[in-house]
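J.:
4 protein chains.
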Amino acid sequence: MASASAVDTREIVRGQLYLADMDGWFSHVVRVRFAETDAQGIAHHASYLVWFEEARVALLAAVAGGYPAIRARGIEALTTGVEVTYERAAVFDDVLTVEVRCAEARGARFRYEYVVERDGERIATGSTRHATVDATTRRPVRVPEWLLGDLLSGSTQSSGS
Amino acid sequence: MASASAVDTREIVRGQLYLADMDGWFSHVVRVRFAETDAQGIAHHASYLVWFEEARVALLAAVAGGYPAIRARGIEALTTGVEVTYERAAVFDDVLTVEVRCAEARGARFRYEYVVERDGERIATGSTRHATVDATTRRPVRVPEWLLGDLLSGSTQSSGS
Amino acid sequence: MASASAVDTREIVRGQLYLADMDGWFSHVVRVRFAETDAQGIAHHASYLVWFEEARVALLAAVAGGYPAIRARGIEALTTGVEVTYERAAVFDDVLTVEVRCAEARGARFRYEYVVERDGERIATGSTRHATVDATTRRPVRVPEWLLGDLLSGSTQSSGS
Amino acid sequence: MASASAVDTREIVRGQLYLADMDGWFSHVVRVRFAETDAQGIAHHASYLVWFEEARVALLAAVAGGYPAIRARGIEALTTGVEVTYERAAVFDDVLTVEVRCAEARGARFRYEYVVERDGERIATGSTRHATVDATTRRPVRVPEWLLGDLLSGSTQSSGS
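Protein sequences appear in the order of chains A, B, C and D. Residues 13 to 173 (the working numbering) are what the first sequence spells out, left to right. Residues 13 to 173 (the working numbering) are what the second sequence spells out, left to right. Residues 13 to 173 (the working numbering) are what the third sequence spells out, left to right. Residues 13 to 173 (the working numbering) are what the fourth sequence spells out, left to right.
#1: With H, G and I counted as helix, E and B as strand and the rest as coil, what does DSSP make of V155/B?
#2: Going by C-alpha to C-alpha distance, which of R45/D, G36/D, F46/D and Q52/D sits closest to T148/A?
#3: Residues of chain A with CB closer than 9 angstroms to the CB of G86/D, please, in chain order.
#4: Does any C-beta atom of chain A lie closer than 8 angstroms to the C-beta of T21/B?
#5: Counting only beta-carbon atoms, is V155/A nearer than 8 angstroms to chain D?
#6: Excluding the 5 residues flanking A143/C on each side, which residues of the same chain have their C-beta closer than 8 angstroms to its C-beta?
#7: How would you call W158/A, buried or exposed, if buried means at least 16 neighbouring beta carbons within 10 angstroms?
#8: Counting only Cβ-Cβ distances shorter than 7 angstroms, please list the residues of the region 86-110 of chain C near chain B, keeping chain order.
#9: Three Cβ pairs or more, each shorter than 8 angstroms: is that satisfied between the region 39-46 of chain B and the region 42-60 of chain C?
#10: Once you ignore the five residues that flank A101/B on each side, which residues in its own chain have a CB closer than 6 angstroms to its CB?
#11: Check whether the region 65-82 of chain B touches the region 68-79 of chain A, taking contact to mean three or more Cβ pairs, one atom from each stretch, closer than 8 angstroms.
#12: For chain A, check one thing: does any of its Cβ atoms lie closer than 8 angstroms to the Cβ of V128/C?
#13: Would you please state the rounded distance, in angstroms, between the beta carbons of A67/C and V112/C? I believe it to be under 8 angstroms.
#14: Note the first and the last residue of the continuous alpha helix (DSSP H) segment covering E65/B.
#15: L164/C: which of E125/C, V103/C and Y60/C sits nearest, CA to CA?
#16: DSSP three-state label for L160/C, please.
#17: Does any CB atom of chain C fall closer than 8 angstroms to the CB of A67/A?
#18: For chain D, is any of its Cβ atoms less than 8 angstroms away from the one on L163/C?
#19: So which residues on chain A does A58/D lean against when the C-beta distance must stay under 7 angstroms?
#20: Please confirm whether G119/A has its beta-carbon closer than 8 angstroms to some beta-carbon of chain B.
#21: Do V127/B and R134/B have their CB atoms nearer than 8 angstroms?
#22: Check this for me: beta carbons of A136/B and E95/B, under 8 angstroms apart or not?
#23: I'd like the span of the beta strand (DSSP E) that includes I135/C, first residue to last.
#24: To which residues of the same chain is R154/A closer than 6 angstroms at the C-beta, ignoring the five residues directly before and after it?
#25: Taking the alpha helix (DSSP H) that A84/D belongs to, which residues open and close that run?
#26: Along chain D, which residues have their Cβ under 7 angstroms away from the Cβ of G36/C?
#27: Compute every distance between the C-beta of W158/D and the non-hydrogen atoms of the ligand PLP, then say whether any falls below 7 angstroms.
In structure tokens, the structure reads:
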């Protein structure tokens, strides 16, 4: 999954490990459920956070053995922040591509970025922030090396319905 | 909460404890959230299960010290079945009264009944079935006497937003 | 999609059109989202109604040009009843097969049946009832012949993530 | 609802109308539903957007005749952006106060700010951005004066379950 060049483009800047290359983007496809629409006739804005999460889980499954594997090692990833900008509405039965990448990881903190597209047109962007904690003590633990390496070397794979 | 007459109307029939009196009904008020509507302009049919659950939790809080108290005693109540009949649509911002009562309890099994009303008009009815299990072993445990007594003696209290 | 034999097994009994053959079952795959779990560590019971709906929409897409096409003809399908029996819990990331078929259609009324399986083991069953109405007047309209024929002749196709 | 002093504290800076006074905050109470929790045992992060919306609707009901009244005048408010920072987890049955105020309104654009508290302790903050459009043409329309005045003059009322 990880090409040498992808690794080479990482830069360590003031203790932060950035993933600068575009190869880190992972594509996940969702179809808008009827239950996700609202009385404005469009997908409710909270649905995007659920799609982001589904895409993030699919990315982890592709590059790090899956979120269940991470939890099996006693690590939980808490969500500490989210941000979404909506550019165009999505409607029932739309097929959307959620592009996701791990944009930054430092210590016990992660940040993912997202672009939602429909037929090649961008309809929303966003990001989520996370902290890894020990599942038992709930205390912060550094992002494990094996996870960090896999995530930041990225993937161009895709998944979806 | 429990009147003597309410207790008197209980009948034990073939090992089943029925609550026959109407005083067992408990009222809980919900207001339809925008996120609960769908592109048909009405409250999505799955929302009713969430309202039923909220009403059930409010009933337990009134008569049995609350669901958290039950969980603190090492008991979980699993949902084993649901059934809803929709008579009229609810729309955004509707104020609904969810009437709930524990209609039956036997061994490790419970059944609740629900009536949803808007301005005194019935818009839906339903029921849910539950089984009590040990929170650790997940094995069935009989509904505790203290819980059974409180639930079946009912309440005419109400709660809500 | 419809084999001759599938059509032959339909029976009209007391004005009701039943679909008796097993070929009518359509398979749709869902993966349990983290957002669909609850604090009991399992998929929340209301999630099944959303999966049923997604499976129903996929069936309609396969045999009747899709729900958007039906709405384009000025017909809405309201949900008038649901029923679910839960046999085993589903957990995060489980891959589930939702089998769905249109079990009955009469006048303006439909009924679908569902079986949810994980690794070939049944974990839940259910059914939903629907009424077709004119999208503008909201008055009942008979299930159109073209839709009825397609639905009841069934499909063995599958879809899903 | 609006005190003279509240109005006086408004400032127009570079074409933007700010509401600087703290009196603009409106309190809305929610109780965490079991359906809103996830397998981490906490309220799912997407739930906060639904609570924000419920608080916003309650604010509009208090100061501007309610969102249904706004829709009745042919205006829809689209959500164009959201942002949440999570500081502490909320759990099932927690009683939360969602403080909301309209922090900014300019042309066809609104911005609301939120603070979520539990027992006086802040557990999350956030903001949402909105655009008012004509419900029929979906084209931007300026925030009506009558709505603007009511919103920015604020309220110290509260609502909730």
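Just so you know, even glycine gets a beta-carbon here, dropped at the ideal spot from N, CA and C. These numbers come from a predicted model, not from an experiment.
T.: Well, looking at it:
#1: Along the second sequence, one-based indexing puts residue 155/B at 143. The answer is coil: DSSP assigns V155/B none of H, G, I, E or B.
#2: Taking the first sequence and counting its residues from 1, one reaches residue 148/A at position 136. Residue Q52/D is the option with its Cα nearest to T148/A.
#3: Against the fourth sequence, residue 86/D aligns to sequence position 74. Here the premise fails: no neighbours, minimum Cβ distance about 13 angstroms.
#4: Position 9 of the second sequence holds residue 21/B. Only weak support exists for where T21/B lies, its pLDDT of 33 falling under 50; the coordinates are left without a value.
#5: Numbered from 1 along the first sequence, position 143 holds the residue referred to as residue 155/A. With 8 angstroms as the cut-off, V155/A does not count as an interface residue toward chain D.
#6: Sequence index remark: in the third sequence, residue 143/C carries index 131 (1-based). These residues qualify, in order along the chain: A89, L90, T92, A120, R121, F122 and P152.
#7: Stepping through the first sequence from its first residue, residue 158/A is reached at position 146. Exposed, by the Cβ-count rule.
#8: E88, T91, T92, G93, V94, E95, V96, T97 and Y98
#9: no
#10: On the second sequence, position 89 is the one that residue 101/B refers to. For A101/B, where only same-chain residues beyond five positions count, the Cβ hits under 6 angstroms are I54.
#11: no
#12: Residue numbering aside, residue 128/C sits at position 116 when the third sequence is read from its first letter. Answer no: the Cβ-Cβ gap between V128/C and chain A never drops below 8 angstroms.
#13: As a working note, residue 67/C is residue 55 in the third sequence. As a working note, residue 112/C is residue 100 in the third sequence. Correct: roughly 4 angstroms between the Cβ atoms.
#14: For the purposes of this step, residue 65/B is taken as the residue at position 53 of the second sequence. Taken as a continuous stretch (DSSP letters only), the alpha helix (DSSP H) holding E65/B covers S59 to V75.
#15: Working through the third sequence from its first residue, we reach residue 164/C at position 152. Here the closest residue by C-alpha is E125/C.
#16: Along the third sequence, one-based indexing puts residue 160/C at 148. In this structure, L160/C counts as helix in the three-state DSSP scheme.
#17: Position 55 of the first sequence holds residue 67/A. Not closer than 8 angstroms to any Cβ of chain C, the Cβ of A67/A fails to qualify, so no.
#18: Taking the first residue of the third sequence as 1, we reach residue 163/C at position 151. No, no contact with chain D.
#19: The residue labelled residue 58/D in the question sits at position 46 within the fourth sequence. Going along chain A in sequence order, the residues near A58/D (Cβ under 7 angstroms) are A58, L61 and V62.
#20: Taking the first residue of the first sequence as 1, we reach residue 119/A at position 107. It does not; no Cβ of chain B falls within 8 angstroms.
#21: Along the second sequence, read from residue 1 onward, the residue named residue 127/B stands at position 115. Along the second sequence, read from residue 1 onward, the residue named residue 134/B stands at position 122. Yes, the Cβ-Cβ distance between V127/B and R134/B is below 8 angstroms.
#22: The count along the second sequence starts at 1 and reaches residue 136/B at position 124. The count along the second sequence starts at 1 and reaches residue 95/B at position 83. For A136/B and E95/B, no; Cβs fall outside 8 angstroms.
#23: Residue mapping note: residue 135/C aligns to position 123 of the third sequence, counting from 1. Looking at the DSSP string, the run of the beta strand (DSSP E) that includes I135/C is E133 to D146.
#24: Working through the first sequence from its first residue, we reach residue 154/A at position 142. Around R154/A: G119 and A120.
#25: The residue given as residue 84/D occupies position 72 in the fourth sequence. Run containing A84/D: Y79 to A84, per the alpha helix (DSSP H) assignment.
#26: Indexing the third sequence from 1 puts residue 36/C at position 24. Near G36/C there are no residues of chain D at all, since even the closest Cβ is about 32 angstroms away, more than 7 angstroms.
#27: Here there are no bound small molecules, and the ligand PLP is not part of this structure.
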